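Under mature numbering (1 follows the signal peptide of the UniProt record, and there is no 0), residues -42 to -1, 1 to 1207 are what the sequence shown spells out, in order. Ideal Cβ positions, reconstructed from N, Cα and C, are used throughout, including at glycine. The model shown is predicted, which means the values in this text are computed figures rather than measured ones.
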Amino acid sequence: MVESLQMFLFLFKSKYRRKCSWFSPFLCSVLIVLLFCNGVLTKCSDHNCVKGVCKNDTCVCNEGWQGPECQHCGGKIKLTELSGIITDGAGNYSVSTQCSWLISPPVVPSPSPIRIRLESFATECGWDHMYVYDGDSVRAEKLLAVFSGVLEEGESGWTSQVIARSGSALIHFFSDDAYAMEGFNVTYATYSCPSNDHRTNCSNHGECEEGTCRCEPDWIGVACDHPLCPDNCNAEYGSGQCTSHGCECTPSRTGSDCSKDSSQGSWGWEWKEEGEGGDRPENTPPAAAGHSLLVYGDDLLRIGGETFSQAEFVFRYNTAKRGWTTMEARGELLAPRFAHSSIIYGNEIIVYGGVVASDEPDRGGGLAGVEGRGGEVTNEVWRGMIDAESVQWRNVTPTACSPHYRPPLGHCGGLHLSGHTAVLVHLGKTKKPVMLVFFGHSPHYGYMHLVQEYYIDEGIWSVAVTRGWPARAGFGHTAAYDDLSRRVYVHAGLVSESEATQAPSAALYEYEIETRIWRPLPSAPTPRYLHSAVFVAPGVMLVYGGNSHNDSAVATVSNPATAKCFSGAALLYDVRCQQWLPAPIGPLSARIGSAASVLPLQDRRTAIIYAGFDGRLRSDALKFTVGDKCSSRSDEAACLNTAQYGLACVWKQDSCIAIEEIGWKDSFDSSVKACVAPPVFDDRRCASAEYCESCAAANCAWCGACMASSHHCVRHSHQIAVSVEECGSGGSGGEMCARYHSCAACHAHLHRHPHGSEELSQRACYWDYDSVKCRPANTTTDIRSVAAASGCNAACATLTTCANCTAEECIWCASTGRCVDKNAYGASFPLGGCRAWSTNGCTSNHVTGCAAHVSCASCRAEPACGWCDDGAGGGRGICLPGGERRPHHPHICPHRRWHFTHCPACQCNGHAICDSENRCIQPCAARAVGDHCDVCAPAHWGSPLNGGVCQPCECNAQAISCAADTGRCYCSTKGLAGDRCDKCDNTNHYHADLYNKGCYYDLAVDYQFTFNLSKKEDRHLSAINFRNAPVKPDVDADFSITCSAHARMNLTVRTRTDPAERTLFSDVNCTNFRYKFAKSEHAFGVEDNVTLTTFFVYVYDFRPPLWIQISFSQYPKLNLQQFFITFSSCFLLLLLVAAALWKIKQKYDLYRRRQRLFVEMEQMASRPFSQVCVELERGGAGAGVPAPVALEPCKWGRAAVLSLLVRLPTGGTGRAPPLGGLAVASALVTLGHHHHDRADRPRNHNQCK
């Protein structure tokens, strides 16, 4: 604030001093008040310090707190109380924060279970996470939860509270630097069980035994908070009866309370989580997310998935016996993976891509409790032969290309993908088995646009040459094959909005497998990704769950549905009617990463939604059962509305028939009614289509532009295309290039065939950085653009250190050692797999992990690290991965020297020892200073932390300090440059002098210069040099300088004859200095390209911020006699010119009036004659103004020809002359306006003048 006031005072004095002198007292009063308020507000008190104490007007925070008022959490602390509250602080939490709490109560006599319960929770979905570990480190026995998003009212008690059974728990919270929300309040209690209130156990409906509730007979759930028989199973209505297992409903009723009609579609539990009630299958596998669920005969197979621990890859569920079997893996070693795709082909499982778990210990490979397991995305193809209790695996990833197939982007082994989908189809007349792989995310090419085809018999990859709409679904979409229409329906997914942003999509596309044509369909009501979808019946697709979060800052205002991190919404899509419908309401069980499949051996068609993630990995299973068969519907309205219950029925000949009975093609027959109303055509898609194929695929008409109907094609009507086939066989380059959404993918398609050349004429696409789009290179201009365009930046996934990752505008995840694109964070860590990430602030060294921390304070802030003191008592040590008890293998540190939540009392970085009060004895060694010997002495650089060395700054006596990390000198004189202050900043017009040392700014004559020395990079300056050479030999030179703050000035002069400088003024205050150098005392000008006199101005002894106004001027004196003569002559000449112009205007106006009159007379004389019939009445002459027979306006409407009928004079004879008694008279009149005269005068509406 003080700097801003100094600048204001400087500008006020320089501009308004003379005009507003009366304002000065008021201004001073305002400034005094502002300075007083600033001093008061910056002082602290014990009341202001929320979690600390006030010392010397500064808040000293308690352990685990930070901020100017100690209002935000920070660091790592240990909690030993039996119960307590954990919070991020008052108000919203801070951005760029890491907070850790180790809950470690006394172990008496054995480790006690710890209940951790979320009372309130609101963080940015997908970016700010809270990790809960069962144990004392991140490599604990188990990772219990990764919470993110908003905890809603009525959230499941199973989700919002966890039990740590190891006797200790580690809670870690991380927030990024973009957005902060309300934060959280967490309670914990030892010897406790789940409950609906943190003050009770088991909701007062059961007994707590070693962290597990034993519920009373009428209550169920892990917290005993659900009644066994809700509403007594509606027994009073005859709906069901209560048993020891829950409600048993009558055949006509269903639901947990038997309140729903079983003839309609309904939700239920196939099984619940452990302790939530109901019968669970035997040998239930570990909870998982990002897995696959496949139908194999009458059984289900679970393939892979993220489990946060070691687990088998394949589990088999026997639907008849309701039991799970672990399938032993044989053959080649298949590493665990998730976000992959898999299909069943005969007796084989085919698995492709996904995120593979890492083998590095620090990145979680093979260890429990490490989030995400830090793996890499793979392109492996595995085939496993299924036996009764085992799977024989072999790696069949292609290593060579086939000359008959075009590999995807030139990769013979397929692309490295995650978040993609796969569908088994049979193509062509020979029904060749092909695995279609849709979209996904590639760490090298970004969000993919391609459809890959894996020919199973040949074991070869190919890329499908798709046509039609440029579909994109990116990461975490769903692809479901419909047997009725023989098409694949791809829905939603996380897509790229730009090179730095990502967003979920709500789009739906259909893919014709034979023609390879994409078509757009109506979008869903809300976007989502990581959801699940399955065709619960032919023609009806069920969509469940997913992440619908988009933008935290606007979601809660514009669309609350998009604020949910985990959605429990279910939708049904009617393929025939192209209509989205809400599914029947079921249990609230929001989740992402679940898998959906048809459940075999059921009386009605049933879909199962298995496992997933909602902050905790789930192992339960929901099921959706469709309504009664179509034949039970007796009227047309009921028949056509069955899609909302999961069935597609049509009305034909007064009967309701399942659509699969009459077939897809026949459902369009005129005798069949399939929809209540025909599908709605969305003409907005026509406006967004840029090319022929996309236009035709949207059922629009193409005629040079995309129109909603061919009737709108007025131009180019002979070139109308209403189908994709009519657009031509090859498609345009624009349509092909529009499918590429990243620079790498666009440039990977430089040629049209895999063996083409790289010549410009062969290139198909190039990346336009201005529009951030892939564009066709099919014109001369485009080819030049390709030649001028630079290549793509290195893929973020190829960068292996934090420094080079963040230098390339990427995101560095320190906990996994991975570098990812800025728009791919959600696709790279969908389950919160990155514990801490950054986009800047990395050191240049290549040390990663705990070893990158060179001080105990920074080491302690990292939840995965601890400090091993060297035992010398000076504070030196090493940062190692570990927990509260010890470092992780293979690191070794004596227990007495191991520090996890606190640092050794003596912290001198090895440059001193401590006294009895643990204060470093001064002076510190190795040129270090500070209370903890943690900074280098002035004029030194380096890092004294942990025994580091400080080196003197080498600045050629031109600086008193240098950068602590690089030794680059902070030059004290403005204009010096170079790491050692040995150069002049020529780019900013500072130049060296031939005779003097230093750098000078050359001041031009007759200009005023203002130098603002208040920027951050100017804080080390204390001097600046100027020079000027007056060039006018016969004019005096005026010098003026004004400084906004205290500064001293020396002014010297040098002449051509004497190269030595002569001092004119020394040690002068430059606040406001003026002087005139007379031409009689100094020789000004230039001779032989050499200046005769040069002035040097040295401003020094100042501290920024400072503003300097300086000028040298040579203005000649004004000759008054010459001025008045010149002014009078010019004034008289101006009068003469004005008089001549006035006369010319008068002549011209007279000429125009004569011309106008002549034209009007010609018009009157040349007007055609016509006949007028006049009816005369007998009687005397009437009084008043005669009425005209005709009025003919002239061209400009300001005059007219008036015709009157007059009686000729009789000459006293009483009769007219022989030729007649009437005549027509004409006159030229001007047309006037209505005049409103006084009331006593007659009103003439038309007057002729």
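Per the DSSP calculation, residue i is bridged to which residue(s)?
| i | result |
| --- | --- |
| Asn970 | Trp1065 |
| residue 1211 | With the chain running from -42 to 1207 in the structure shown, residue 1211 is simply not present. |
| Tyr413 | Val392 and Ile418 |
| Thr436 | His449 |
| Ser400 | Gly404 |
| Asp219 | Arg211 |
| Ser589 | Note: Ser589 sits in no beta bridge, so no partner. |
| Cys927 | Cys920 |
| Gln199 | Glu206 |
| Thr1010 | Thr1021 and Phe1054 |
| Gln909 | Trp899 |
| Pro26 | Note: Pro26 sits in no beta bridge, so no partner. |
| Phe79 | Phe142 |
| Ala962 | The partner list for Ala962 (beta bridge, DSSP) is empty, contrary to what the question assumes. |
Using the Cα positions of residue i and residue j, report the straight-line distance between them to the nearest angstrom.
| i | j | result |
| --- | --- | --- |
| Leu1092 | Phe1042 | 40 angstroms |
| Leu1162 | Ala1183 | 5 angstroms |
| Pro540 | Ala565 | 16 angstroms |
| Thr1188 | Cys664 | 59 angstroms |
| Ser150 | Tyr89 | 20 angstroms |
| Gly179 | Pro545 | 14 angstroms |
| Val453 | Tyr487 | 9 angstroms |
| Glu470 | Asp256 | 29 angstroms |
| Cys695 | Pro848 | 52 angstroms |
| Ser516 | Pro462 | The predicted position of Ser516 is uncertain, since its pLDDT is 46 and thus under 50; a value taken from the coordinates is nonetheless stated next. About 15 angstroms. |
| residue 1256 | Met499 | Lying outside -42 to 1207, the shown extent of the chain, residue 1256 is not represented and no answer is given. |
| Lys631 | Cys83 | 45 angstroms |
| Arg576 | Arg280 | 18 angstroms |
| Gln537 | Glu618 | 18 angstroms |
| Thr424 | Val409 | 8 angstroms |
| Ala378 | Cys808 | Ala is not the amino acid found at residue 378; the sequence shown has His there. So the alpha carbons of these two residues sit roughly 34 angstroms apart. |
| Leu(-38) | Gln1072 | Because the pLDDT of Leu(-38) is 47, which lies under 50, any placement of that residue in the model is unreliable, and the number read from its coordinates should be weighed accordingly. Looking at the two C-alpha atoms, the distance is approximately 34 angstroms. |
| Glu334 | Ala315 | 7 angstroms |
| Tyr447 | Ser547 | 25 angstroms |
| Lys13 | Cys894 | 26 angstroms |
| Asn1027 | Asp960 | 22 angstroms |
| Cys160 | Glu174 | 10 angstroms |
| Cys957 | Ala1003 | 23 angstroms |
Alpha carbons only, please: which of the options is nearest the one belonging to residue i?
| i | options | result |
| --- | --- | --- |
| Thr357 | Ala380, Gly125, Thr473 and Glu416 | Glu416 |
| Lys780 | Ser930, Pro69 and Tyr405 | Tyr405 |
| Ser613 | Ala595, Tyr603 and Phe626 | Ala595 |
| Ala138 | Pro152, Gln119 and Val108 | Val108 |
| Arg1165 | Gly10, Ala1158 and Ala1181 | Ala1181 |
| Cys911 | Ser901, Pro902 and Cys927 | Cys927 |
| Ser1038 | Trp1065, Pro991 and Arg1006 | Pro991 |
| Asp15 | His5, Val349, Glu21 and Gly551 | His5 |
| Ser3 | Cys28, Gly22, Trp23 and Glu21 | Cys28 |
| Pro1017 | Thr924, Cys205, Asp219 and Thr1052 | Thr1052 |
| Asp237 | Asn1047, Ala579 and Asp46 | Ala579 |
Legend entry - Contact the segment 39 to 51 vs the segment 751 to 768: 3+ CB pairs below 8 angstroms: no
Inset, instruction - For the segment 471 to 548, list the beta strand (DSSP E) runs that are entirely contained and at least 3 residues long, ordered along the chain. - result: 475 to 479, 490 to 495, 498 to 502, 528 to 532 and 537 to 540
Inset, instruction - For the segment 1036 to 1063, list the beta strand (DSSP E) runs that are entirely contained and at least 3 residues long, ordered along the chain. - result: 1051 to 1058
Inset, instruction - Check whether the segment 1018 to 1032 touches the segment 967 to 981, counting contact only when three or more Cβ pairs, one atom from each stretch, lie closer than 8 angstroms. - result: no
Inset, instruction - Would you list, in sequence order, the uninterrupted alpha helix (DSSP H) runs of no fewer than 4 residues that lie entirely inside the segment 763 to 795? - result: 783 to 786
Inset, instruction - Take every Cβ of the segment 560 to 574, pair it with every Cβ of the segment 475 to 485, and state whether three or more of those distances are shorter than 8 angstroms. - result: no
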